[in-house]
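Colleague: So the sequence shown is numbered by this note's numbering: it starts at 1 and just counts up by one.
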Amino acid sequence: MRVLQLFQCVRGKHHRSRRLAWSDGTTYRSWCVGCGKPLIRSHGGWQADPDPPPPPDGHSKAAH
Numbered sequence: 001m002r003v004l005q006l007f008q009c010v011r012g013k014h015h016r017s018r019r020l021a022w023s024d025g026t027t028y029r030s031w032c033v034g035c036g037k038p039l040i041r042s043h044g045g046w047q048a049d050p051d052p053p054p055p056p057d058g059h060s061k062a063a064h
């Protein structure tokens, strides 16, 4: 967890993990490097995902 990024998370400015990003076939998903919340890419950038699906095999946060 990056401490400086955590301050941005509190303000709603999440930063996705490039290493953990994946596509579910229709959209791109990742996790925030600051707070660990699941993220989804939309037209406005990366945003917290209120209803994340389970990641495909080999893409879970625990595996990395």
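C-beta atoms are modelled at their ideal positions from N, C-alpha and C, and glycine is treated no differently.
Just curious, the beta strand (DSSP E) that residue 39 is in, first and last residue?
Modeller: First-last of the beta strand (DSSP E) with residue 39: 38 to 42.
Colleague: Just the C-alpha distance for residue 6 and residue 34, rounded to the nearest angstrom, thanks.
Modeller: Distance between the alpha carbons of residue 6 and residue 34 is about 5 Å.
Colleague: Check for me: the beta strand (DSSP E) holding residue 45 runs from which residue to which?
Modeller: Here the beta strand (DSSP E) through residue 45 covers 45 to 48.
Colleague: Given a threshold of 16 other Cβ atoms within 10 Å of its Cβ, counted over all protein chains shown, does residue 4 qualify as buried or as exposed?
Modeller: Exposed, since its Cβ has fewer than 16 Cβ neighbours within 10 Å.
Colleague: For residue 35, does the three-state DSSP call read helix, strand or coil?
Modeller: Three-state DSSP puts residue 35 in coil, outside helix and strand.
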